[in-house]
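*Asks:* The numbering of the sequence shown is my numbering, which starts it at 385 and goes up by one.
Have a look at the structure that comes next, please.
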Amino acid sequence: MAGNREWFERAQRVIPGGVDSPVRSFRSVGGTPYTVVSGAGSRVVDVEGREYIDFVQSYGASLLGHAPSDVVAAIGDQARRGTTFGAPTPGEVLLAEIMVDRVAGMDLVRLVSSGTEAVMSAVRVARGATGRSRIVKFDGCYHGHSDALLVAGGSGVAQLGLPDSAGVTNGAVGDTIVAPYNVVPQLDDSIAAVLVEPVAANMNLVAPLPGFLEGLRRECDRVGALLIFDEVITGFRLARGGAEEYFGVTPDLWCFGKVIGGGLPVGAFGGSTRVMSHLAPLGPVYQAGTLSGNPLATAAGRTVLSQLTDESYRDLSIRVADFARELRAAIEASGLSCATPTVGPLMGLYLARAPFDAPSNFEEARVLCSNGLYPIFFHEMLQRGVALAPGAYEILFVSLAHTDDDLATTVRAAADAARAVSAS
Ligand SMILES: *Cc1c(COP(=O)(O)O)cnc(C)c1O
Numbered sequence: 385m386a387g388n389r390e391w392f393e394r395a396q397r398v399i400p401g402g403v404d405s406p407v408r409s410f411r412s413v414g415g416t417p418y419t420v421v422s423g424a425g426s427r428v429v430d431v432e433g434r435e436y437i438d439f440v441q442s443y444g445a446s447l448l449g450h451a452p453s454d455v456v457a458a459i460g461d462q463a464r465r466g467t468t469f470g471a472p473t474p475g476e477v478l479l480a481e482i483m484v485d486r487v488a489g490m491d492l493v494r495l496v497s498s499g500t501e502a503v504m505s506a507v508r509v510a511r512g513a514t515g516r517s518r519i520v521k522f523d524g525c526y527h528g529h530s531d532a533l534l535v536a537g538g539s540g541v542a543q544l545g546l547p548d549s550a551g552v553t554n555g556a557v558g559d560t561i562v563a564p565y566n567v568v569p570q571l572d573d574s575i576a577a578v579l580v581e582p583v584a585a586n587m588n589l590v591a592p593l594p595g596f597l598e599g600l601r602r603e604c605d606r607v608g609a610l611l612i613f614d615e616v617i618t619g620f621r622l623a624r625g626g627a628e629e630y631f632g633v634t635p636d637l638w639c640f641g642k643v644i645g646g647g648l649p650v651g652a653f654g655g656s657t658r659v660m661s662h663l664a665p666l667g668p669v670y671q672a673g674t675l676s677g678n679p680l681a682t683a684a685g686r687t688v689l690s691q692l693t694d695e696s697y698r699d700l701s702i703r704v705a706d707f708a709r710e711l712r713a714a715i716e717a718s719g720l721s722c723a724t725p726t727v728g729p730l731m732g733l734y735l736a737r738a739p740f741d742a743p744s745n746f747e748e749a750r751v752l753c754s755n756g757l758y759p760i761f762f763h764e765m766l767q768r769g770v771a772l773a774p775g776a777y778e779i780l781f782v783s784l785a786h787t788d789d790d791l792a793t794t795v796r797a798a799a800d801a802a803r804a805v806s807a808s
């Protein structure tokens, strides 16, 4: 079979930049992407037969690891009975029931096909429900690639050095106000909604400071704005009930994606009956999708969620905390400085040559993420069989399939990789 280089050359001939999502292109770390043919548990295998311990895990979509047998079986069972109908199905009801049951205060949830759609639609509902136009987002938070939200995004937007995107009109972002993360902005009654990642996980990892989320809740209540939690990463990953359960702050609208699709394309947004009743066909806010609530995706998502218990989250959080401490020690033994902040099972990684404090906003994260060390570390790890995300603004996704052995191997690889970075 052709190798990574040949596949990427072929890809570039027919797909812009050779990728269907920019972060995959290796632009910010240099070199040629590995082209994946299969994955199992914590591992992926590329077209050259090289195996990697995978901390990308589809950017958080795979919490059980790759190709878990129950999920594969559920997808197969459903596929044999049809993959999409354009009529209501039991599968979407069952998935929605699980979500509504786990997320306190969320009465109704609408399934869509991506996180982008979920956030875009939640913002539309918030505007429809309040009759107001303006929304507040935070610098470095990523909310998908819809026009109005493509300002000061983290993740791929930050990696490519684009402050926002060409093709997005001033009009489209004219009602979007950008504020620094971890500072409660002063609102007025022109604001429809405040949109936030309850843990910022697209500018590497930035935890909410104590009082930040509570402050947003209070300020929204004061002016009658809605609080939207973008839980596309944190939902069903941080805890069984997501960020609300973890931090004890209840938003008005929730957005989900990634984990709830079990590796298939799904998103969802939900809220109280009062807020969600503005949505068609109950109300005047239009939103739709041919493949929304797709039977394959709901079968996969349901199977994943049914396997996630309070113990899953507790165990994974403990293992990630240990891993973070060991990884940091291994890297610092080389003379580099390192931070591996964690929030539950979410984990970030910052590298520098001199000691630093872990960042609390995008400005601080950007200084660390652009110091040039991560691309070198990334390639040193890849050579040693460990696949981190090809960009300094992403977090490490440790799945329930990563074994103690995988994590110990990763720590040993990091010790060697850090020595090479330190000497560079
Ligand atoms: C990934 C992500 C999105 C966008 O989801 P897609 O499925 O890629 O459209 C939105 N918000 C956050 C916080 C994300 O991490």
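We put the beta carbon where it would ideally sit given N, CA and C, even for glycine.
In this text the structure is predicted, and so the values were computed from the model without any measurement.
Going along the chain, which unbroken runs of the beta strand (DSSP E) with 3 or more residues stay wholly within the segment 635-719?
*Replies:* 637-640 and 651-655
*Asks:* Report back the beta-carbon spacing between A652 and R494 to the nearest angstrom; my notes put them in contact at under 8 Å.
*Replies:* 7 Å
*Asks:* Does the beta carbon of P635 fall short of 8 Å from some heavy atom of ligand 1?
*Replies:* Checking the Cβ of P635 against ligand 1 gives no.
*Asks:* Keeping to the same chain, check which residues put their C-beta closer than 7 Å to that of A801; ignore five residues upstream and five downstream.
*Replies:* F761, E764, M765 and R768
*Asks:* Cβ-heavy atom distance between D741 and ligand 1 below 8 Å?
*Replies:* no
*Asks:* With 16 other CB atoms within 10 Å as the buried threshold, where does D789 fall?
*Replies:* Answer is exposed; the Cβ neighbour count stays below 16.
*Asks:* With C-beta atoms as the reference, is I561 less than 9 Å away from I612?
*Replies:* no
*Asks:* Rounded to the nearest angstrom, how far is the Cβ of F620 from that of V650, given a contact under 8 Å?
*Replies:* Not really, about 11 Å apart at Cβ, beyond 8 Å.
*Asks:* Span of the beta strand (DSSP E) holding I482?
*Replies:* Taken as a continuous stretch (DSSP letters only), I482 belongs to no beta strand (DSSP E), being part of the alpha helix (DSSP H) at P474 to R486.
*Asks:* Is it the case that the Cβ atoms of F640 and A513 are separated by a distance below 9 Å?
*Replies:* no
*Asks:* Taking the C-alpha atoms as reference points, what is the distance between N755 and S409?
*Replies:* 20 Å
*Asks:* Look up S806 in the DSSP assignment and say whether it is helix, strand or coil.
*Replies:* helix
*Asks:* Rounded to whole angstroms, what's the CA-CA distance from A717 to L711? Just pull it up for me.
*Replies:* 10 Å
*Asks:* Between L544 and the rest of its own chain, which residues show a CB-CB distance below 8 Å, the 5 nearest in sequence each way excluded?
*Replies:* Its pLDDT being 49, under 50, L544 is placed unreliably by the model, and nothing is read from it.
*Asks:* Is S498 a contact residue of ligand 1, with contact defined as CB to any heavy atom under 8 Å?
*Replies:* yes
*Asks:* How far does the beta strand (DSSP E) with T500 in it extend, from its first residue to its last?
*Replies:* Segment G499 to T514 is the alpha helix (DSSP H) holding T500; no beta strand (DSSP E) there.
*Asks:* Thinking just about the alpha-carbon of each residue, which of G732, L772, G423 and G402 is nearest to the one in M587?
*Replies:* G732
*Asks:* Let's see if you can read the secondary structure: which residues bound the beta strand (DSSP E) around S721?
*Replies:* Start and end: S721 to A723.
*Asks:* Report the CB separation of A577 from I617 in whole angstroms; it is logged as a contact under 8 Å.
*Replies:* No, A577 and I617 are not in contact; Cβ-Cβ is about 19 Å, not under 8 Å.
*Asks:* Which term fits S701, buried or exposed, when burial requires 16 or more other beta carbons within 10 angstroms of its beta carbon?
*Replies:* buried
*Asks:* How is I779 classed by DSSP in three states: helix, strand or coil?
*Replies:* coil
*Asks:* With a threshold of 8 Å on Cβ separation, who are the neighbours of A736 within its own chain once the five nearest residues in sequence on each side are excluded?
*Replies:* L720, S721, C722, L752, N755 and L757
*Asks:* For a test of the three-state rule: what should DSSP assign to G460, helix, strand or coil?
*Replies:* helix
*Asks:* Three Cβ pairs or more, each shorter than 8 Å: is that satisfied between the segment 680-699 and the segment 449-457?
*Replies:* yes
*Asks:* DSSP on F620, reduced to helix/strand/coil?
*Replies:* F620: coil per DSSP, three-state reduction.
*Asks:* Is K364 near ligand 1, judged by its Cβ being under 8 Å from some heavy atom?
*Replies:* In the structure as shown, the chain starts at 385 and stops at 808, and residue 364 therefore has no counterpart that could be examined.
*Asks:* Just to confirm, are H786 and G444 a CB contact at a threshold of 9 Å?
*Replies:* no
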